[in-house]
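These notes concern the structure reproduced below.
Numbering (my numbering), first residue to last: 813 to 1067.
Here it is as structure tokens:
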């Protein structure tokens, strides 16, 4: 990753870590969810740079709202809808302090090992009453084959500096807050890539919602692709397939 440039941008109270490759005026911005960081998009950043785009990845999940008039296309991987099982991990992590206490029992690299191992499965993460979410997997559990021991410090070192509170705030603790949008439709071309082995496919009604096209009520210009293989971190697990889908979509819609 020698070509990656690292910068920091102050956005109100937040200091955002911004990485980029390339100088093209055609920009592709990569955003992520928890527990991912900019590094999660490393394979795609290199690919879009080679295809003639500038790749930007930001350690934040809020950037897409800053300049909506400048967004020409959207690609979404493993989209989650607010259909929450009663004992699902999301409910645990919505409670301020609960996940922090759970994670605080371990070194950050162990936390990343556990979370990546859990999220790479095909079943929802549900703990019993006297169990925390990270207790669902052993600290010595092997990493997924597509994530190396050399990758772990990239994740662990970032969370050692920042902690987990802000990273958990956006996807979980603001989930039920209303955005109060005047127009809730996404009108730019979009591509949703769903993975059939992803645990979120077990969410009641989610697969039908997407396969039947009901989702297009809110995103009328949406293309949907289902992959038979892969899991929640498909961009890291199957980088060549993902790069092909993303770049083909960009070529089609971004002149």
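All C-beta atoms, glycine included, are put in the ideal place defined by N, C-alpha and C.
DSSP lists 938 as the bridge partner or partners of residue 900. Pairing residue 924 with residue 967 gives a Cβ-Cβ distance under 8 Å. Under DSSP, residue 963 shares a beta bridge with no residue. With respect to the C-alpha of residue 1019, the residue from 980, 1006, 1031, 1028 having the closest C-alpha is 1006. Put simply, the region 841-849 does not touch the region 813-821. Fewer than three CB pairs are less than 8 Å apart.
1057 is the residue among 1051, 926, 1057 whose C-alpha sits nearest the C-alpha of residue 1038. Your pair residue 929 and residue 956 checks out as a contact, with CB atoms roughly 7 Å apart and the cut at 8 Å. Within the model, the alpha-carbon separation for residue 994 versus residue 1030 is close to 13 Å. In this structure, the beta-carbon distance from residue 1036 to residue 1004 falls below 8 Å. Residue nearest to residue 986 within the set 936, 1055, 905, 870 is 905 (criterion: CA-CA distance).
Counting other Cβ atoms within 10 Å of its Cβ, residue 1023 stays below 16 and is therefore classed as exposed. Around the C-beta of residue 1042, 16 or more other C-beta atoms lie within 10 Å, and the residue is accordingly described as buried.
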